[in-house]
Each structure stands twice: as C-alpha cells, then as structure tokens.
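The sequence shown lines up with residues -27 to -1, 1 to 76 when you count with mature numbering (1 follows the signal peptide of the UniProt record, and there is no 0).
Yeah, the Cβ is synthetic: ideal placement off N, Cα and C, and Gly gets one too.
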Amino acid sequence: MRTNRRTFIMYTVGATALAMAAGTARAAPAQLQESDPAAQALGYRTDASRVDHAKYPRYSGNQRCANCQFYQGKPTDANALCALFGAKQVSGAGWCNAYQARA
C-alpha cells in the first residue's frame, strides 16, 4: 500500500485526537467515607442530622456542607469536592467541625 502525504496527515491528526480524548477522560473523584482518617479528625458525617451535639457543640441545625465556604459545588449539588479533603467528594447534606458559612 502506497502512503502519500495527505493520507499520512489524516491518520496522524486522527490518532492525535484519539490520544487527547483518552487523556482527558478521568474517573470521578472518590466519595469521602466517614471512616477516612481526615474525615474522623474533623468529625465529618455524610448526613448532618446524625451529628453528635454533645461531641460537637459548634453544630447548629442549618449547617450543611452545601452552604459551607469550602464546598466547591453549587449549593444544590448532591456531592462536590471540598477544599479541606483534597480530591474527595463530600455529601452536600453532610457536615464537619471545620464548617464556615458562605459569605
């Protein structure tokens, strides 16, 4: 089979596009578990209604990850990344001891 310059360029562009598409496909961030050492250190709960008020007196009923300044999603997102937990997602309905209300 004889390859000319036009065929070579078409195959090269196609292969490059495929390689770039494969490189941009990433797995979704892992969900933070309550058993994670960082989560335990900050008293993270996936459901704020399960926060132990005696252990965490800072907690008040309207505090949720979704309305915390560290939550990197929209307040309506069910899960999003948290600036405190790196590349792990937290539950929007969750809470931790580092809660700071959004401005």
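Open item on the list: Starting from Q45, trace the alpha helix (DSSP H) in both directions and tell me its first and last residue.
Closed with: Note, Q45: premise wrong, no alpha helix (DSSP H); not H, not E.
Open item on the list: On the CB-based measure, 16 or more other CB atoms within 10 Å of its CB, does L(-10) come out buried or exposed?
Closed with: exposed
Task: Selection from A53, Q45, E7, N52 that minimises the alpha carbon distance to N70 - done: E7
Task: Backbone secondary structure at Q73 - three-state DSSP - done: coil
Open item on the list: Going by DSSP in three states, S22 sits in which element: helix, strand or coil?
Closed with: helix
TODO: Please confirm whether C41 and Y17 have their CB atoms less than 8 Å apart.
DONE: no
Open item on the list: Among T(-12), R(-23), M(-18), A60, whose alpha-carbon lies nearest the alpha-carbon of A12?
Closed with: A60
Open item on the list: Checking the sheet assignment: what are the DSSP bridge partners for Q62?
Closed with: Q4, L54
- [ ] Keeping to the same chain, check which residues put their C-beta closer than 8 Å to that of A74; ignore five residues upstream and five downstream.
- [x] Q36, N40, C41, Q42
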